[in-house]
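In the numbering used here, the protein residues as written are 57 to 155.
The C-beta atom is built at its ideal place from N, Cα and C for all residues, glycine as well.
One structure is given below, encoded as C-alpha cells.
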Amino acid sequence: MAKMQHKLRHIAVSVPNVAEAQKFFEESFGMWKAGDAGRGVYMTDGVMNVALLDYKGAKITGVEGDKPFYGLIHFGMWVDNLEAAEKQAIDAGAVHMHG
Numbered sequence: 057m058a059k060m061q062h063k064l065r066h067i068a069v070s071v072p073n074v075a076e077a078q079k080f081f082e083e084s085f086g087m088w089k090a091g092d093a094g095r096g097v098y099m100t101d102g103v104m105n106v107a108l109l110d111y112k113g114a115k116i117t118g119v120e121g122d123k124p125f126y127g128l129i130h131f132g133m134w135v136d137n138l139e140a141a142e143k144q145a146i147d148a149g150a151v152h153m154h155g
C-alpha cells in the first residue's frame with residue numbers, strides 16, 4: 057500500500073500569556089488572528105496556523121514535573137482519511153499519549 061501524503065496544518069504552543077504572545081506574533085512575523093482556540097488563539101500567515109494556548113498550569117500529557125510547561129505541545133495534520141492516517145502513523149511507531 058502506498059503511503060499517503062499529509063499536510064502540516066498547525067503547531068500548538070503553550071504560552072504564559074496569550075495576549076502578549078499574540079502581539080509578538082503580529083509584530084515579529086506579520087501574522088494575524090485567525091480565530092479562537094479553546095484556551096487561546098490561532099495565529100496565521102495565510103497558510104500555516106500557530107495555536108497559542110494558555111494551560112494555566114494544568115498538567116499536560118507527556119510532560120514530566122509539576123512546573124508549568126511552555127513550549128511545543130503538538131502539531132496538527134490535515135489527512136484525507138483519518139483511520140488510514142492513524143494506521144500509517146501507528147505502523148511507523150506512533151503511540152497515543154492522550155485520548
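*Please look up how many angstroms separate the CB atoms of K63 and M133, rounded, as I've assumed it's under 8 Å.*
In the sequence shown, counting from the first residue as 1, residue 63 sits at position 7. In the sequence shown, counting from the first residue as 1, residue 133 sits at position 77. Their Cβ separation, rounded to whole angstroms, is 7 Å, which keeps K63 and M133 in contact under 8 Å.
*Quick one: any contact between the segment 76-91 and the segment 115-127, if contact means 3 or more CB pairs under 8 Å?*
Pairwise C-beta distances place the segment 76-91 out of contact with the segment 115-127, as fewer than three of them are shorter than 8 Å.
_If you reduce the DSSP assignment to three classes, tell me which class F131 lands in._
What you label residue 131 is simply residue 75 of the sequence shown in a count that begins at 1. It is a strand residue.
*asked:* On the CB-based measure, 16 or more other CB atoms within 10 Å of its CB, does M87 come out buried or exposed?
replied: Taking the first residue of the sequence shown as position 1, residue 87 is located at position 31. With a threshold of 16 other beta carbon atoms within 10 Å, M87 meets it and is buried.
*Should A75 be labelled buried (16 or more other beta-carbon atoms within 10 Å of its own) or exposed?*
For this step, residue 75 is matched to residue 19 along the sequence shown. That one is exposed.
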